[in-house]
Amino acid sequence: MHENLDHLGLEAMDVVNLRWGGLSEPTLDSIGEPFAALADLQREGYIKHLGLSTVSAEQIKEAQSIAPVVCVQNFYNLAHRVDDDLIDDLAAQGIAYVPYFPLGGFSPLQAGELHAVAARLDATPMAVALAWLLQRSPNILLIPGTSSVAHLRENVAGAGLNLSEDDVRELETIGN
Ligand SMILES: NC(=O)c1ccc[n+]([C@@H]2O[C@H](COP(=O)([O-])OP(=O)(O)OC[C@H]3O[C@@H](n4cnc5c(N)ncnc54)[C@H](OP(=O)(O)O)[C@@H]3O)[C@@H](O)[C@H]2O)c1
């Protein structure tokens, strides 16, 4: 932690996530001990806010019994919707949900429905996938990854797209 702060030239981190679980799914164990260690660093002033990554609803509750949680970063996208209920629950609590692999990660999303909606909106399929996430819930924050400036431009354009109810209905057949 101190080395990180020195490298960043900061006195405190704005947010630190406890990264738990497997590659893409939560594990069933307790996160109490490592989260309490981060809560100690928060009390000491080195961290302003705490988050969690790759965790279950139960683990989030366990963490909340130790210190407030401001954000959760889990695997979620149009085709992987295990966290649907969790997102709604976090939204009701005012907690940000930050989907990782929003574009499918190592296997970028591919679906005829994405192409069809993108063609109607004169946008790219990836921009549509990101627009769907932004419209899915007000607590969703996006962190799509790219090594290409052209893709970055396409992805940013997703923030300006307005999906109609018909578009959303068509896209949501992907996850079913
Ligand atoms: N907490 C965790 O455990 C965890 C796990 C995984 C990832 N993450 C984080 O989540 C964020 C996103 O993850 P990610 O980058 O792995 O997955 P992602 O955003 O779902 O997908 C990135 C992939 O999509 C491609 N892509 C991006 N924009 C595109 C476009 N407009 N058209 C076509 N292809 C496009 C990228 O290739 P190009 O480079 O060619 O654009 C790259 O292969 C990152 O910040 C990552 O660090 C966190």
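Under our numbering, the residue at position 132 of the sequence shown is numbered 121, and the numbers go up by one with no gaps.
For every residue, glycine included, the Cβ atom is placed at its ideal position computed from N, Cα and C.
Could you check which residue in Asp29, Gly101, Gly93 has the C-alpha nearest to that of Leu131?
Numbered from 1 along the sequence shown, position 142 holds the residue referred to as residue 131. Comparing Cα-Cα distances from Leu131 to each of Asp29, Gly101, Gly93, the minimum goes to Gly93.
Other residues of its chain near Leu17: CB distance less than 6 Å, five sequence neighbours each side excluded
Taking the first residue of the sequence shown as 1, we reach residue 17 at position 28. If you ignore the 5 residues before and after Leu17, its C-beta comes within less than 6 Å of no other C-beta in its own chain.
Closest to Thr43 by CA distance: which of Cys60, Arg70, Arg8, Leu67 is it?
As a working note, residue 43 is residue 54 in the sequence shown. Residue Arg8 is the option with its Cα nearest to Thr43.
Using only the heavy atoms of ligand 1, determine whether one of them is closer than 7 Å to the beta carbon of Arg8.
Counted from its first residue, the sequence shown places residue 8 at position 19. For Arg8, the shortest C-beta to heavy atom distance toward ligand 1 is below 7 Å.
From the DSSP output, in three-state form, read off Ala56 for me.
Residue numbering aside, residue 56 sits at position 67 when the sequence shown is read from its first letter. Coil, per DSSP.
Rounded Cβ spacing between Glu51 and Gly21 (contact assumed at less than 8 Å):
As a working mapping, residue 51 is identified with position 62 in the sequence shown. As a working mapping, residue 21 is identified with position 32 in the sequence shown. So it is a contact: roughly 6 Å between Cβ atoms.
Who are the Cβ neighbours of Lys179 in its own chain at under 6 Å, not counting the five residues just before and after it?
One cannot answer for residue 179 here, as it falls past the ends of the chain, which runs -10 to 165.
Less than 8 Å between the CB atoms is what I'm expecting for Gly164 and Leu67, so what's the real figure, rounded?
Indexing the sequence shown from 1 puts residue 164 at position 175. Indexing the sequence shown from 1 puts residue 67 at position 78. Confirmed, Cβ separation roughly 6 Å.
Beta-carbon gap between Leu122 and Pro91 smaller than 8 Å:
Numbered from its first residue, the sequence shown carries residue 122 at position 133. Numbered from its first residue, the sequence shown carries residue 91 at position 102. Against a cut-off of 8 Å, the Cβ pair of Pro91 and Leu122 comes out as a contact.
CB of Leu92 to nearest heavy atom of ligand 1: below 7 Å?
Within the sequence shown, residue 92 is the residue found at index 103, counting from 1. For ligand 1, at least one heavy atom lies less than 7 Å from the Cβ of Leu92.
Within its chain, find whatever has a CB closer than 6 Å to the CB of Ala120; leave out the 5 residues flanking it on each side and keep chain order.
As a position in the sequence shown, residue 120 is number 131, starting the count at 1. Hits under 6 Å: Gly147, Leu150, Leu152.
If you measure from the CB of Gly134, is any heavy atom of ligand 1 nearer than 7 Å?
For this step, residue 134 is matched to residue 145 along the sequence shown. True, at least one ligand heavy atom lies under 7 Å from that Cβ.
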